[in-house]
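So the structure is just underneath, and the comments pick up after that.
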Amino acid sequence: MSPAILLLLAVGLGLAGWLVARARAWAFRSNADNGRLAALPTYHAWYVALWILVPLGVFIVIWMVASPHLIEQSVLASPAAADLPEFAFQRDTLLREANAVANGTANAVFNEGAKPLVEPFREAIGFYNLIGFLSTLIIGFLCGTWAFLQLKPDFAARTRVEKTVMAALMLASLVAILTTLGIVVSLVFETFRFFGMVSPIDFLFGTQWGPDPMSNPDNPDPSRFGAIPLFWGTIYIGAIIAMIAAIPLGLMSAIYLTQYADQRLRAWLKPALEILAGVPTVVYGYFAALTVAPFIRDLAVAVGISGASSESALAAGLVMGVMIIPFVSSMADDSIAAVPQAMRDGSLAMGATKSETIKKVLVPAALPGIVAGIMLAISRAIGETMIVVMAAGAAANLTGNPLEAMTTVTFQIVAMLTGEGSFDHPATLSAFALGFVLFMVTLGLNFVALRVVKRFREAYE
Amino acid sequence: MVTVIHPNLEATDAKMNAKDVSVYYSDKKAIDNVSIEIPSKYVTSFIGPSGCGKSTFLRALNRMNDTIPTARVEGEITLDGEDIYRSKMDVVQLRARVGMVFQKPNPFPKSIYDNIAYGPKIHGIAQGKEELDEIVERSLTRAGLWNEVKDRLSDSGTALSGGQQQRLCIARAIAVDPEVILMDEPCSALDPIATAKIEELIADLNGNYAIVIVTHSMQQAARVSQRTAFFHLGQVVEYGRTSDIFTNPLEQQTQDYITGRYG
Ligand SMILES: Nc1ncnc2c1ncn2[C@@H]1O[C@H](COP(=O)(O)OP(=O)(O)OP(=O)(O)O)[C@@H](O)[C@H]1O
Ligand SMILES: [Mg+2]
Chain A
1 MSPAILLLLA VGLGLAGWLV ARARAWAFRS NADNGRLAAL PTYHAWYVAL
51 WILVPLGVFI VIWMVASPHL IEQSVLASPA AADLPEFAFQ RDTLLREANA
101 VANGTANAVF NEGAKPLVEP FREAIGFYNL IGFLSTLIIG FLCGTWAFLQ
151 LKPDFAARTR VEKTVMAALM LASLVAILTT LGIVVSLVFE TFRFFGMVSP
201 IDFLFGTQWG PDPMSNPDNP DPSRFGAIPL FWGTIYIGAI IAMIAAIPLG
251 LMSAIYLTQY ADQRLRAWLK PALEILAGVP TVVYGYFAAL TVAPFIRDLA
301 VAVGISGASS ESALAAGLVM GVMIIPFVSS MADDSIAAVP QAMRDGSLAM
351 GATKSETIKK VLVPAALPGI VAGIMLAISR AIGETMIVVM AAGAAANLTG
401 NPLEAMTTVT FQIVAMLTGE GSFDHPATLS AFALGFVLFM VTLGLNFVAL
451 RVVKRFREAY E
Chain B
1 MVTVIHPNLE ATDAKMNAKD VSVYYSDKKA IDNVSIEIPS KYVTSFIGPS
51 GCGKSTFLRA LNRMNDTIPT ARVEGEITLD GEDIYRSKMD VVQLRARVGM
101 VFQKPNPFPK SIYDNIAYGP KIHGIAQGKE ELDEIVERSL TRAGLWNEVK
151 DRLSDSGTAL SGGQQQRLCI ARAIAVDPEV ILMDEPCSAL DPIATAKIEE
201 LIADLNGNYA IVIVTHSMQQ AARVSQRTAF FHLGQVVEYG RTSDIFTNPL
251 EQQTQDYITG RYG
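Chains as they are written, first to last, in full-length UniProt numbering: chain A, 1 to 461; chain B, 1 to 263.
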């Protein structure tokens with residue numbers, strides 16, 4: 001039976017429990033001397049309904065996982081399964097086909113050998129559907145009855161329901177935290193495997209990058225795993241070129257928006273700017289690769305710089321800078337707006353002009369927030385992948401020339417994971433070490449930035 | 001209604017003169033046809049119930065209302081006979097000549113030194129570092145703050161106590177050598193001791209500057225000012241020597257207000 005039907009059944013039982021419990025609580029109420037209960041009837045109703053829904057939810061999840069195995073087991077135990085081939089792969093194929101026909105997702109078997117299995121499958125499915133249906137009914141009924149028997153006029157249904165709600169909310173937030181933790185653990189695990197093959201020293205301080213996924217995995221050449229060119233490319237593109245573009249533009253637009261733009265213009269401009277943040281990065285990637293990079297190359301050739309490549313750090317960095325503008329500007333906007341009006345008035349009353357006030361009072365006062373915004377922007381930029389994949393190139397050049405192709409940590413993560421190497425080849429595993437370094441750096445940046453913002457907020461409470 | 005001027009108010013030379021001044025916020029009239037003189041050698045206090053337009057009128061005197069987009073001023077206000085709302089008037093210059101101290105101390109988040117040096121730097125008053133040092137010391141001394149902060153000039157101005165911050169703001173205002181100082185309830189955020197220091201300071205500054213102070217404290221007005229204007233519903237009801245206003249008010253509204261029977 002499909003889980004949807006079981007779920008429907010559970011909801012139906014829950015609803016029934018809800019209604020019955022509420023009716024019961026109403027009855028308490030009309031019988032009680034003062035007409036008051038320890039909790040409103042709806043809380044009694046929810047108490048019973050939750051006692052039905054939560055156990056059933058757990059049961060259905062377990063059943064969904066377990067029932068296919070149970071069905072398969074019983075089919076294998078049937079006499080028709082005696083003719084199945086030994087080889088596990090063929091066997092699974094036949095079983096799958098028979099199952100598909102039995103539950104109606106396919107019309108006919110492709111392999112003749114699967115045919116005798118269809119009927120046992122049909123029987124097993126029918127049997128277990130019945131079991132599942134009955135179990136749902138029985139569990140729902142038992143739990144519901146048990147909860148129902150607890151209802152009394154002075155029963156503290158409300159506190160129990162509240163506790164359940166709290167537990168559900170906590171569970172939801174735990175999912176996010178645990179997922180993050182799981183990512184970190186798996187990252188750390190694979191990173192350590194990698195460092196078992198290539199020493200961290202060679203990795204962190206080597207200046208040659210060129211892992212060969214086809215080489216002998218047991219004997220990697222550590223001199224080809226130097227990640228410095230990647231770190232440099234990442235910093236150069238994401239933290240230097242992109243920021244040279246994003247900081248002045250972001251800051252100036254924030255100043256314009258908070259201090260000069262009139263209310264109506266601001267209502268238009270601010271969302272428009274924020275739309276920039278919502279453009280998928282792959283679109284920026286196109287723009288960088290198809291428009292900006294060729295333009296920069298042509299420009300370089302025109303001014304007589306030979307050997308300008310069609311992929312350049314400059315193109316990737318500039319486009320990334322544009323992408324980052326909203327991050328810088330919206331944080332700067334918030335922090336400038338958070339500077340008390342009294343500060344502005346104080347400066348204006350001294351005879352300072354608007355721009356003097358901005359330059360000498362507002363921006364310095366908002367500086368912590370602005371810096372935090374820049375840090376968040378950097379952490380965003382160095383983790384950015386699509387633009388560099390499309391526009392920065394794959395060559396691990398350790399150079400300061402922005403017109404040359406450069407590669408970044410994120411690019412190489414993609415390249416290594418999608419390369420030809422087997423999964424436990426050091427070249428592939430290096431992607432995890434790179435990811436780990438990136439993760440630590442962005443984590444650090446975000447952590448510091450958020451702390452700075454918090455201190456800043458407190459300063460103007 | 002016409003402002004009642006006390007008969008025994010002797011003529012003094014006026015530093016500022018407001019004639020038929022009205023101030024609007026959008027369409028709402030906050031100041032209604034006020035005409036008043038600010039004498040050059042005295043402290044003038046503005047008193048009156050909350051919301052009657054004291055701050056609005058005060059801010060009209062150095063065009064701080066310009067920073068509020070909805071505010072509009074009608075009528076004529078002169079400083080030494082020149083209309084400050086004429087189109088050629090340089091607001092930067094005006095505010096250097098008519099300084100302002102706010103209700104809540106608002107030092108800049110800079111060092112004490114830089115707070116004082118801010119105005120002189122903007123207006124190019126000091127020629128060099130030495131002159132600037134001198135201005136900083138003189139202003140802080142005048143504001144009675146020098147001895148308290150001379151060893152910590154590089155500390156942030158916001159690290160001072162509330163009363164010290166307010167004196168810092170006064171020092172900041174006098175650092176550009178203004179002719180008029182406007183103070184909007186400068187003591188309302190301070191304790192009695194800090195208030196007494198500010199009042200002392202106002203008494204010291206009296207005579208060198210034309211000072212206008214908005215206050216909710218009758219005693220303060222009586223202690224520090226020689227002229228008092230009583231505001232009510234956007235108008236000046238009564239204007240005269242402080243002693244006359246407090247001992248011999250001519251209008252019933254004034255009397256009610258100063259005896260605490262208002263409202
Ligand atoms: N920025 C503004 N926009 C619109 N209306 C304003 C603004 N500032 C003040 N007002 C209105 O103008 C009137 C006078 O306000 P103002 O602040 O001048 O009063 P006040 O006498 O200083 O009061 P208080 O003693 O409480 O400081 C009030 O009705 C107030 O609501
Ligand atoms: Mg006021």
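Ideal Cβ placement from N, Cα and C applies to all residues, glycine included.
Quick check: is the beta carbon of A342/A nearer than 9 Å to any beta carbon in chain B? yes
Segment contact, 8 Å Cβ cut-off, at least three pairs: the stretch 147-154 of chain B with the stretch 104-124 of chain B: yes
What's the gap between the Cα of G263/B and the Cα of C52/B? The pLDDT assigned to G263/B is 49, lower than 50, so where the model puts this residue is not dependable; a value taken from the coordinates is nonetheless given after this. C-alpha separation (whole angstroms): 13 Å.
N- and C-terminal bounds of the beta strand (DSSP E) containing A71/B: A71 to L79
Does any C-beta atom of chain A lie closer than 9 Å to the C-beta of M16/B? no
For Y260/A, does the count of other Cβ atoms within 10 angstroms reach 16, so buried, or fall short, so exposed? exposed
Mapping DSSP to helix, strand and coil, what is V75/A? helix
With a threshold of 6 Å on Cβ separation, who are the neighbours of A71/B within its own chain once the five nearest residues in sequence on each side are excluded? Y25 and N65
Going straight from the alpha carbon of A60/B to that of I237/A, what length do you get? 52 Å
Who's in the neighbourhood of ligand 1, going by beta-carbon under 5 Å from any heavy atom, listed in chain order? Y25/B, A30/B, S50/B, G51/B, C52/B, G53/B, K54/B, S55/B, T56/B and I68/B
Short CB-CB distance (under 9 Å) between T353/A and chain B: yes
Can you find a CB in chain B that lies within less than 9 Å of the CB of V371/A? no
Identify every run of the alpha helix (DSSP H) within the stretch 103-175 of chain A, keeping only runs that are complete inside it and at least 4 residues long; order them along the chain. 115-150
Reduced DSSP category for R227/B - H, G, I as helix; E, B as strand; rest coil: strand
Q235/B bridges to which residues according to DSSP? H232/B
Please report how far the alpha carbon of M170/A lies from the alpha carbon of K163/A, in whole angstroms. 10 Å
Comparing alpha-carbon positions, which option in D27/B, N33/B and Y42/B lies nearest T12/B? Y42/B
Are the stretch 32-41 of chain B and the stretch 423-441 of chain A in contact at 8 Å, needing three or more beta carbon pairs? no
Expressed to the nearest angstrom, what Euclidean distance is found between the alpha-carbon atoms of M390/A and S310/A? 11 Å
Limits of the beta strand (DSSP E) - the one that P248/A falls within: Looking at the DSSP string, P248/A is not in any beta strand (DSSP E); the run it does join, the alpha helix (DSSP H), is A242 to I255.
Which one of R297/A, D345/A and R24/A has the shortest CA to CA distance from Q103/B? D345/A
Does the beta carbon of D345/A sit closer than 9 Å to a beta carbon anywhere in chain B? yes
Put F423/A into one of helix, strand or coil per three-state DSSP. coil
Would you give the residue range spanned by the alpha helix (DSSP H) that Y257/B belongs to? Q252 to I258
Local conformation of T44/B per DSSP, three classes: strand
Return the chain-ordered list of same chain residues with a C-beta closer than 6 Å to the C-beta of G317/A, the five sequence neighbours on each side being excluded. I237, I241 and A242
If we cut at 9 Å on Cβ distances, does Y85/B have a partner in chain A? no
Contact criterion: CB-CB distance below 9 Å. Does Q166/B meet it with respect to chain A? no
Alpha-carbon to alpha-carbon, G140/A and I382/A: 52 Å
Interface residues of chain B around L269/A at Cβ under 9 Å? Near L269/A there are no residues of chain B at all, since even the closest Cβ is about 17 Å away, more than 9 Å.
Determine the direct distance from the alpha carbon of V54/A to that of S135/A, and round the result to whole angstroms. 14 Å
Just tell me which of E179/B, K197/B, P7/B and T67/B has its CA closest to the CA of Q166/B. K197/B
State yes or no: is the C-beta of D184/B nearer than 8 Å to some heavy atom of ligand 2? yes
Please identify the residue among L95/A, G126/A and Y128/A whose C-alpha is closest to the C-alpha of E112/A. L95/A
Under 9 Å between C-beta atoms of F327/A and A392/A: no
Whole angstroms is fine: what's the gap from D184/B's alpha carbon to E199/B's? 13 Å
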